[in-house]
Amino acid sequence: MKKEKWYVYMLRCQDDSIYTGITKNVEKRYKQHMEGKGAKYTRSHKCKKIEVIFEEENKSNAAKLEYFLKQKSKIEKEKIIKSKK
Numbered sequence: 291m292k293k294e295k296w297y298v299y300m301l302r303c304q305d306d307s308i309y310t311g312i313t314k315n316v317e318k319r320y321k322q323h324m325e326g327k328g329a330k331y332t333r334s335h336k337c338k339k340i341e342v343i344f345e346e347e348n349k350s351n352a353a354k355l356e357y358f359l360k361q362k363s364k365i366e367k368e369k370i371i372k373s374k375k
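The opening residue of the sequence shown carries number 291 in our numbering; numbering runs sequentially from there.
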């Protein structure tokens, strides 16, 4: 049985804020964010683009990474994004 990958993604919002989320399907989740059907945060802070995507082997690892990234300051998040480009 093939294990499904989990992804942690960072979105740039129109107000230049950064949203971090977790999903099994980045394309589908991004579309939800763009349609106003995603997270509460992205309903009030419209998304502009995906900045970076991290792939994880399982949900547990992805959730830990998401938590880690959400604890970072905006400056630290910008550095992470820049280092992944």
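Glycine included, every Cβ here is placed at the ideal spot set by N, Cα and C. Nothing here was measured: the structure is a model prediction, and the numbers come from that model.
Any non-hydrogen atom of the ligand NAD closer than 6 angstroms to residue i Cβ
i    : result
Y331 : This structure lacks the ligand NAD; in fact it carries no ligand of any kind.
Residue i classed as buried or exposed, judged by whether at least 16 other C-beta atoms fall within 10 angstroms
i    : result
E356 : buried
G326 : exposed
I343 : exposed
R319 : buried
K367 : buried
Beta-bridge partners of residue i, as assigned by DSSP
i    : result
K312 : Note on residue identity: the sequence assigns Ile, not Lys, to residue 312. According to DSSP, I312 bridges with V298.
Beta-carbon spacing of residue i, residue j below 7 angstroms
i    : j    : result
Y299 : I340 : yes
C337 : L359 : no
Contact with chain D by residue i, beta-carbon distance below 7 angstroms
i    : result
K369 : In summary, chain D is missing from the structure at hand, where a single protein chain is found.
Discussion item. Going residue by residue through the stretch 318-368, where are the continuous alpha helix (DSSP H) segments of at least 4 residues, counting only ones entirely within it?
Written reply: 330-334, 349-360
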